[in-house]
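Peer 1:
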Amino acid sequence: MSDKKFKNISWEELQNMGNPENAPEEPKKKIKANVFLAKSRIRVHLEKKGRGGKSVSIIRGLEMTNAMMKDYEKALKSLCGVGGTQKNGEIIIQGDHRDKIVNYFKSKGATDIKKAGA
2 MSDKKFKNIS
12 WEELQNMGNP
22 ENAPEEPKKK
32 IKANVFLAKS
42 RIRVHLEKKG
52 RGGKSVSIIR
62 GLEMTNAMMK
72 DYEKALKSLC
82 GVGGTQKNGE
92 IIIQGDHRDK
102 IVNYFKSKGA
112 TDIKKAGA
C-alpha cells in the first residue's frame, strides 16, 4: 500500500505534457495597494463649504488607480457607516471621520498620512 501509483508533478511538467496552447495562462501578479500607500502623501481634510453647513472628510493625495480608489472608498464607507463618493482623485466621506480614516490607512501600511483642515 505504500507504493503510490501517481507521483506529484509540478505545474511546468504538467504544461509540458499537454498542448501548451491549451494550457491556462499563469495568473498575473496583482499590484499591492500597500506599495501605493507607502508612496502617497495622504491628507485627510474636513470641509463644510458649499455643502449646506454639513461637514465631509476629503482624502487627498492617493496615488493609485481608480479601481483601487473605488475599493478604498467602499471600505471607508462601510467602516464609518456613512455615504461617500470618489471624484477627481479624491475620496469624499460624509461627516467628520478623520480619526477613523487615519487609523484605517495606517493599518493598511500608509506612512505619510495626516489630518488637515479645521
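Note that the sequence shown covers residues 2 to 119 in this note's numbering. By construction, the Cβ of each residue, glycine as well, lies at the ideal position given by its N, Cα and C atoms.
Of the choices Gly85, Met70, Ser41, Ala111, whose alpha-carbon is the least far from that of Asp97?
Peer 2: Ranking the options by Cα distance to Asp97, first place goes to Gly85.
Peer 1: Suppose contacts are defined by Cβ-Cβ distances below 7 Å. Is Val57 in contact with Gln95 by that definition?
Peer 2: Cβ distance < 7 Å, so Val57 and Gln95 count as in contact.
Peer 1: When DSSP labels each residue in this structure, what does Ser58 get in the three-state scheme?
Peer 2: The answer is strand: DSSP assigns Ser58 an E or B state.
Peer 1: For Gly90, collect the residues of the same chain with a Cβ closer than 8 Å to its Cβ; drop the 5 residues on either side in sequence, then sort them by chain order.
Peer 2: Excluding residues within five positions, the ones whose Cβ falls inside 8 Å are Arg61, Leu63, Met70.
Peer 1: Cα separation between Val103 and Lys116?
Peer 2: Those two C-alpha atoms are separated by around 7 Å.
Peer 1: Grouping DSSP H, G and I as helix and E and B as strand, with all else coil, what is Arg52?
Peer 2: Reduced to three states, the DSSP call for Arg52 is coil.
Peer 1: Suppose you measure from the CA of Ile93 to the CA of Glu26; what does that come to, to the nearest Å?
Peer 2: For Ile93 and Glu26, the distance between alpha carbons rounds to 38 Å.
Peer 1: Report the three-state DSSP secondary structure of Leu47 (helix, strand or coil).
Peer 2: In the structure shown, Leu47 sits in a strand (DSSP, three-state: E or B).
Peer 1: Helix, strand or coil: which one does DSSP assign to Lys75?
Peer 2: Lys75 falls in the helix class under three-state DSSP.
Peer 1: For Ile10, name the three-state secondary structure that DSSP assigns.
Peer 2: Note: Ile10 maps to coil in three-state DSSP.
Peer 1: Please classify Ile10: is it buried, with 16 or more other beta-carbons within 10 angstroms of its beta-carbon, or exposed?
Peer 2: Classification for Ile10: exposed.
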